[in-house]
Amino acid sequence: MQATALVCDQDQTFELKTVILPKLGPDQIMLKTSYSGVSIGTEFALIRNKISWGPFPIVTGYMATGIVEQIGEQVSDVKVGDKVFVRGNVPLKLEDGTDVSPVTGTHCSHIITTVGGTHGAGILPDDAPMEQASMFVMPAVGYYGVDMSEPKLEDTVVVYGCGLIGQGVIAACSMRGCKVIAIDVQDRQLQMAKIMGADVLINAAKTDALTQLNTISQGGADVVFECTGIPTLVDTALSLCKRDGKFVWQGNYGQAPINFKFLVPHGKRLKTFFPCDDGYLPFRHAVIKHMSQGILPWDKLITHRIKADQSPGMYDRINRGDKDIIGVTIDWS
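For reference, each letter of the sequence shown is one residue, going 0 to 332 in numbering that gives the first Met the number 0.
Have a look at this one:
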């Protein structure tokens with residue numbers, strides 16, 4: 000079957016192209032994509048070959064919502080017409096037979112996947128907002144990091160970097176009753192952090208974050224979430240932890256080795272945590288429930304809503320470093 004996908008080549012050129020989906024397997028479903036959400040961090044790490052999940056050309060995107068159009072003969076958990084959320088697509092081909100890597104391929108008009116498991120489809124509640132829910136992975140990653148590190152009621156928590164992962168951390172920590180200090184260099188992202196529940200906003204481009212933190216919490220934070228994924232900022236983030244505190248490697252730092260000053264976390268006796276992925280179905284369900292109930296106002300973080308034919312231009316803008324773009328959804332209707 001033919002579909003339309005946002006394809007990226009090794010020269011970081013973006014095009015909407017016709018792709019060929021394989022025949023539906025007996026344990027698979029096919030859905031018509033309603034919306035796919037954009038991850039500016041991980042997707043562009045893949046596009047820039049900072050990390051690799053498969054050879055070019057690639058179709059990025061790892062979160063989407065849609066309506067089930069076909070089911071395999073062995074599928075009993077969903078039916079045609081169900082609303083679902085998905086994490087990935089199957090390998091694709093261009094019309095000339097070139098293999099296309101799905102990494103994980105949700106920026107596509109149609110998606111084939113299995114049901115359940117770590118990266119299969121899940122059924123959306125009837126009241127789930129389809130557009131907002133298409134961004135479920137980003138807050139789920141944050142929720143998972145918070146669940147793993149277990150900040151307690153009234154702990155002082157620093158979220159260092161207020162991209163979409165950091166915003167998910169802020170929301171989850173706020174729900175736990177923590178005092179949340181959001182640090183970023185962009186005022187717009189800090190204002191979004193306030194919406195998500197941050198108590199204190201620090202613009203590190205305008206003031207020294209450690210000095211400011213010490214006026215609020217002498218000795219540092221109980222838990223620091225490093226959410227930038229920028230290796231050169233790790234030492235600064237480590238310095239914000241109190242003695243016997245916790246440090247969460249919430250960002251993705253790529254394939255290359257990174258360096259940091261060992262004696263700082265060593266001397267502070269820090270506990271460190273390495274969350275990976277989004278915690279799978281329990282965290283996805285929690286995020287979508289909170290979106291549906293209005294507890295997690297993720298729609299406030301969607302700065303750009305585009306149609307599929309606008310996606311190549313949008314990806315060019317993001318790749319050039321447009322700081323106005325934070326949350327993006329692609330409408331495939």
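Heads up, the beta-carbon is just placed ideally off N, CA and C, and yes, glycines get one too.
- A distance below 8 angstroms between beta-carbons, with the five flanking residues on each side excluded, links Ser310 to the following residues of its chain, in chain order: Leu5, Phe13, Leu15, His106 and Ile329.
- Sequence-distant partners of Trp331 (beyond 5 residues in either direction) whose C-beta falls short of 6 angstroms from its own C-beta, in its chain, are Thr32, Ser108 and Ala307.
- Contact between the region 152 to 161 and the region 112 to 120 is absent: fewer than 3 CB-CB pairs across the two stretches fall below 8 angstroms.
- Remark: C-beta atoms of Val99 and Lys92 approach each other more closely than 9 angstroms.
- In this structure, DSSP gives Asn318 a helical state, which the three-state scheme calls helix.
- Secondary structure at Trp297: helix, using DSSP grouped into helix, strand and coil.
- Cβ contact annotation for Asp8 (same chain, cutoff 6 angstroms, sequence separation greater than five): Phe55 and Pro56, in chain order.
- Contact between Gly165 and Phe272 is ruled out by a C-beta separation of about 15 angstroms, above the 8 angstroms threshold.
- Within the same chain, Cβ atoms closer than 8 angstroms to the Cβ of Ile39 are found at Gly162, Leu163, Ile317, Ile324, Ile325 and Val327, the five residues on either side in sequence being excluded.
- The three-state reading of DSSP puts Arg268 in coil, since its state is none of H, G, I, E or B.
- With 16 or more neighbouring CB atoms inside 10 Å of its own CB, Phe135 falls in the buried class.
- Relative to Asn258, the option among Arg242, Leu239, Pro274 and Pro230 whose CA is nearest is Pro230.
- The three-state reading of DSSP puts Met62 in coil, since its state is none of H, G, I, E or B.
- Residue pairing by DSSP places Ile110 opposite Leu30 in a beta bridge.
- Fully contained in the region 231 to 293 are the following alpha helix (DSSP H) runs of length 4 or more, in chain order: 233 to 238, 262 to 267 and 280 to 292.
- Residue Leu300 holds the alpha-carbon nearest to the alpha-carbon of Met195 among Val37, Trp248, Leu300 and Glu149.
- CA-CA distance, Cys172 to Met290, rounds to 16 angstroms.
- Annotation for Ile194: the continuous alpha helix (DSSP H) segment containing it runs Asp186 to Met195.
- Judged by their CB atoms, Ile182 and Leu123 are not nearer to each other than the 9 angstroms cut-off.
- With contacts defined as CB atoms closer than 9 angstroms, Asp298 and Gln131 qualify as a contacting pair.
- Arg242 and Gln217 have their C-alpha atoms some 11 angstroms from each other.
- Straight-line measurement puts the Cα of Glu72 at about 21 angstroms from the Cα of Ile19.
- Nearest neighbour of Gly60 by Cα position, chosen from Ala127, Leu152, Ala120 and Gly87, turns out to be Gly87.
- For Thr41, the enclosing alpha helix (DSSP H) begins and ends at Ile39 to Ile46.
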